[in-house]
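Visitor:
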Amino acid sequence: MESVVAAVLGACVGSFLGLAAWRLPRGESLTWPASHCPACGRTLAWRENLPLLGWLWLRGRCRTCSVPIPLRDWLTEGLTAGLWVAVVLLTTPATSGFAGVLRLLAGWLLISGLLLLLLLDLDGFWLPEPLCRWGLIVGLTTTALLAVATGTSPVTPLVHHSLAAALALLGFDLVGMLGTWCLGVPALGGGDGKLAAVLGAWLGGKGVMLALALAVFSGGLFGLLARLGGCLKPRQPFPFGPFLATAGGLVWLTPEPLQRQLLALLLPWLNTVGLALGN
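Residue numbering for the sequence shown follows the UniProt record's numbering, beginning at 1 and increasing consecutively.
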């Protein structure tokens, strides 16, 4: 039953994320006007607004002007629903009581926020600083609340996660400056470091190191294959935020024992360089 509720709620949130990803870059309100066709302006009926079902009801086209409705809207709703269910399945068995409820809500919030940032960066190379700033604040607040909920002092986790956020931001800035100096063109967007800091606030030192390793590996592999396949020109940029967001969400959903195994596999030099900050 919990999974069904999570799927329904997740699909509704996914519908909102799709709307936000469309309206925020255009400076439009998230609450007004009501959902409508951007081509002809017709307001959608309630049944056409139903997550997942509305797109199928309309067969992927506006009922008035027949302009195609992007399949991505439907995929965003379905992906969010699936991720919310994954948070339930991976959180409930591991944690109970108030701490379990808090971690469940935090997981839903983090996954949804990362998905919104992924869509915004994918569309326009844009990771809004206000969203990243709030993500950082909420991440540190969640860290403190989870510590209190489990009966431990929040001081040590807050210090670890704050250091992880700061070092992730500084590390990205340094890598970006070095890459720009070597390549002669901007190597990283300014928002990538801020998103890395958000992940540090939520995941802690080991978690953010794992997320960054996964993001760099997957992003580098994508860039190599895309250029070899002719999809990208030699120096054509592509957004790195989606790889960071995806890696961060995966690490949050990964049990800690498996995280340690992956760290040992991907970063054998971690302890020697002294970057293991703990959780």
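Heads up, the beta-carbon is just placed ideally off N, CA and C, and yes, glycines get one too.
Take residue 136 and list the residues in its own chain whose beta-carbon comes closer than 7 Å to its own, dropping the five residues that flank it on each side.
Guide: Taking the first residue of the sequence shown as 1, we reach residue 136 at position 136. Taken in chain order, the residues that qualify are 165, 197, 198 and 201.
Visitor: Could you have a look at residue 279 and say whether DSSP puts it in helix, strand or coil?
Guide: Here residue 279 is taken as the residue at index 279 of the sequence shown, counted from 1. Since pLDDT at residue 279 reaches only 44, below the 50 mark, its modelled position is unreliable, and no value is offered.
Visitor: Whose C-alpha, out of 112, 163, 55 and 147, is nearest the C-alpha of residue 79?
Guide: Here residue 79 corresponds to residue number 79 of the sequence shown, with the count starting at 1. Per the Cα distances, 112.
Visitor: May I have the straight-line CA-CA distance separating residue 228 from residue 251, to the nearest angstrom?
Guide: In the sequence shown, counting from the first residue as 1, residue 228 sits at position 228. In the sequence shown, counting from the first residue as 1, residue 251 sits at position 251. Using only the alpha carbons, I get a separation of about 29 Å.
Visitor: Give me the DSSP bridge partner(s) of residue 43.
Guide: Along the sequence shown, one-based indexing puts residue 43 at 43. Beta-bridge pairing links residue 43 to 36.
Visitor: What are the uninterrupted segments assigned as beta strand (DSSP E) that are 3 or more residues long and contained completely in the segment 192-225, given in chain order?
Guide: The qualifying runs do not exist here; there are none.
Visitor: Taking the straight line between their C-alpha atoms, what separation do you get for residue 106 and residue 143?
Guide: As a first step, residue 106 must be located in the sequence shown, where it is residue number 106. As a first step, residue 143 must be located in the sequence shown, where it is residue number 143. Looking at the two C-alpha atoms, the distance is approximately 10 Å.
Visitor: If you count every other CB in all the chains shown that lies within 10 Å of the CB of residue 259, and 16 or more means buried, which is it?
Guide: To locate residue 259, count along the sequence shown from 1; it is residue 259. It counts as buried.
Visitor: State yes or no: is the C-beta of residue 188 within less than 8 Å of the C-beta of residue 171?
Guide: Numbered from 1 along the sequence shown, position 188 holds the residue referred to as residue 188. Numbered from 1 along the sequence shown, position 171 holds the residue referred to as residue 171. No; because the gap between Cβ atoms is not below 8 Å, this pair is not in contact.
Visitor: Considering residue 261, what are the terminal residues of the alpha helix (DSSP H) in which it resides?
Guide: Here residue 261 is taken as the residue at index 261 of the sequence shown, counted from 1. Looking at the DSSP string, the run of the alpha helix (DSSP H) that includes residue 261 is 256-266.
Visitor: Within a Cβ cutoff of 7 Å, which residues of the same chain sit near residue 114, ignoring the five residues on either side of it in sequence?
Guide: If you number the sequence shown from 1, residue 114 lands on position 114. If we look at residue 114 and ignore the five residues flanking it on each side, its Cβ neighbours are 245, 248 and 249.
Visitor: What's the gap between the Cα of residue 13 and the Cα of residue 158?
Guide: To locate residue 13, count along the sequence shown from 1; it is residue 13. To locate residue 158, count along the sequence shown from 1; it is residue 158. Taking the straight line from one Cα to the other gives about 29 Å.
Visitor: Please report the distance separating the alpha-carbon of residue 60 from that of residue 169.
Guide: To locate residue 60, count along the sequence shown from 1; it is residue 60. To locate residue 169, count along the sequence shown from 1; it is residue 169. Their Cα atoms are separated by approximately 41 Å.
Visitor: What residue range does the alpha helix (DSSP H) around residue 139 cover?
Guide: By one-based count along the sequence shown, residue 139 stands at place 139. Element bounds for residue 139: 129-149.
Visitor: Grouping DSSP H, G and I as helix and E and B as strand, with all else coil, what is residue 68?
Guide: For the purposes of this step, residue 68 is taken as residue 68 along the sequence shown, with counting starting at 1. The answer is strand: DSSP assigns residue 68 an E or B state.
Visitor: Go through its chain and collect everything with a Cβ distance to residue 274's Cβ below 7 Å, but skip five positions before and after it.
Guide: Your numbering for residue 274 matches position 274 in the sequence shown. Confidence is the limiting factor: at residue 274 the pLDDT is only 40, short of 50, which leaves the residue's position unreliable, though a coordinate-based value still follows. Closer than 7 Å at Cβ, skipping near neighbours: no residue.
Visitor: Rounded C-beta distance between residue 131 and residue 241? I'm assuming under 8 Å.
Guide: By 1-based counting over the sequence shown, the position of residue 131 is 131. By 1-based counting over the sequence shown, the position of residue 241 is 241. Between residue 241 and residue 131 the Cβ distance is about 11 Å, and since that is not below 8 Å, they are no contact.
Visitor: Could you name the residues of the same chain whose beta carbon sits closer than 8 Å to that of residue 3, not counting the 5 residues immediately before and after it, in chain order?
Guide: As a first step, residue 3 is located in the sequence shown; it is residue number 3 there, counting from the start. Only 85, 88 and 89 meet the Cβ criterion.
Visitor: Using C-beta distances below 7 Å, list every residue in its chain close to residue 55, excluding the 5 sequence neighbours before and after it, in chain order.
Guide: Against the sequence shown, residue 55 aligns to sequence position 55. Around residue 55: 69, 73 and 74.
Visitor: Hey, how far is the Cα of residue 30 from the Cα of residue 36?
Guide: Position 30 of the sequence shown holds residue 30. Position 36 of the sequence shown holds residue 36. If I take the Cα positions, the gap works out to 12 Å.
Visitor: Please decide whether residue 8 counts as near chain B, where near means a Cβ-Cβ distance under 8 Å.
Guide: This model lacks chain B altogether, as it is built from one protein chain only.
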